[in-house]
Structure formats: C-alpha cells, structure tokens
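In what follows, a structure is listed as structure tokens, so that the remarks can point back to it.
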Amino acid sequence: MRLPLLFRLPPLFLLCACIVEAPGGVTENERRQATVAEVPVLSLKSGANLGKKVEIVGASVQPGRVRPGEQARITVFFKVLEAIEEDYIVFVHVEDPSGRMERMNLDHRPANGLYPTTQWKPGETVKDEFSFYLPSGASVSQVNVWLGLWEPRGDKRMPLTNPEAVRNDGQNRLLLAQVPVAQ
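Read in order, the letters of the sequence shown are residues -22 to -1, 1 to 161 in mature numbering (1 follows the signal peptide of the UniProt record, and there is no 0).
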C-alpha cells in the first residue's frame, strides 16, 4: 500500500508547515490609549488636510507662554479620513522666526510609538503628545511650531492638500502654533 504524500514528507517539512505567524498590530488597550472619542476644547484649531487621509483638527499648548529654561507640552489631534498604507513619523520643527536660535527637530512615532499610522482606522481621532524645552538664555519673543507627516523610507512628506486654508511654508509643513516666550 502506498502512503499519502503527507506521510512521505520528511519530518522537518511537517514541522515547518505547521508554524503560523501570529497577526501583528496594536492591542485594543494601545488603541484606546492613542485615540479619543471626543476632541477636547482646543486652544488652536487647524483643519489642515494631509493627503486627503488625515485632518489635523487642532492642538493645545501648555503652558500657553513658555519661559527660557522651561518645557512646553503640545497635544495634537489627527482625524483619520482614509486608511494609510505607509508608516509615517510626525515631524516637528521648533524655530525662532527671526533665525537667532537653532532649529529643534522633534520627529517621533505617533502616540508615543504605540499606534503606527498603518494601524489608524478611518473615523478615529488619534492623540499625539510631545514636548519641547526652550533653552535657558534663549532671547526670542516667540517660537514657531511646524508639523506634518513624513515617511522616512521614501523621504517624502504627506502633501498638504488645502494649503490655501492654513498657514504653511509651501513645503508641506503646517504652522501649527506660534508660542510666545515670556522673558
């Protein structure tokens, strides 16, 4: 009697054929930490549309006026309009408008790295928080906070699709906030 093909294969093949990779992605707890059901009252409203996939609803800055030697915390809310195929990084540039201070790059993965953009679901609002520290001795009257989404493998920014409606620099950077500096 001839055995079926399955029984004639080497044992190693049988072992390999049974290994199934577990599905990846974020846990439900991570999703809850990274999203909000309702956007709180915001000090800065935006409406910037990135790639027709994400709307930057707005942000809050705490404190509203930063002092040299202190830290400011910014919370941004991204409304997901369509699924995103690439893992984007939130790029943030903090600059002195007069150019006397070196630019700070605060690029980071969204939601403290918990929730990659490829996992974002249409209809969700993703909360992203980051801080910047204004160096002691900084003698500026304000700092500009520029923001957008950047895909590092292809070195491309998600395009700003409504540049006429928001303040931007023409290079897919949204002027999210102008934070006054107290002296």
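Glycine residues also receive a C-beta, built at the ideal position from the N, C-alpha and C atoms.
Let me know the secondary structure DSSP gives P158 once reduced to three states. strand
Validate contact between the segment 101 to 116 and the segment 68 to 82 using beta carbons, cut 8 Å, 3 pairs: yes
Counting along the chain, where does the beta strand (DSSP E) carrying E73 start and finish? 67 to 73
Below 8 Å on the Cβ atoms is my guess for E102 versus T13; work out the distance and round it to an integer in Å. 5 Å
Compare the C-alpha of R131 against each of E63, E16, K105, G47 and name the closest. E63
N150 to W128, Cα distance in whole Å? 10 Å
Just verifying my parser: in three-state terms, what is the DSSP assignment at A37? strand
Measure the Cβ-Cβ separation of F108 and V70 and say whether it is below 9 Å. yes
In whole angstroms, what is the alpha-carbon distance linking R45 and Y111? 9 Å
Could you spell out where the alpha helix (DSSP H) holding E129 opens and where it closes? First-last for E129: 120 to 129, but that is the beta strand (DSSP E), not the alpha helix (DSSP H).
Quick check: the Cα distance between V104 and E60, rounded to an integer number of angstroms? 13 Å
Please identify the residue among D65, T53, V121 whose C-alpha is closest to the C-alpha of M82. V121
By Cβ distance, which residues of its chain are closer than 6 Å to K57, with the 5 residues on each side in sequence left out? E33, V35, T103
Rounded to whole angstroms, how far is the Cβ of V144 from the Cβ of G25, which I believe are closer than 8 Å? 6 Å
Spatial neighbours of E48 in its chain, beta-carbon cut-off 7 Å, leaving aside the 5 residues before and after: L112
Report the option in Q161, A155, Y66, A89 whose CA atom is closest to the CA atom of L28. Y66
If you run the structure through DSSP and keep just helix, strand and coil, what is N83? strand
Using the C-alpha atoms, what's the distance from L22 back to V39? 8 Å
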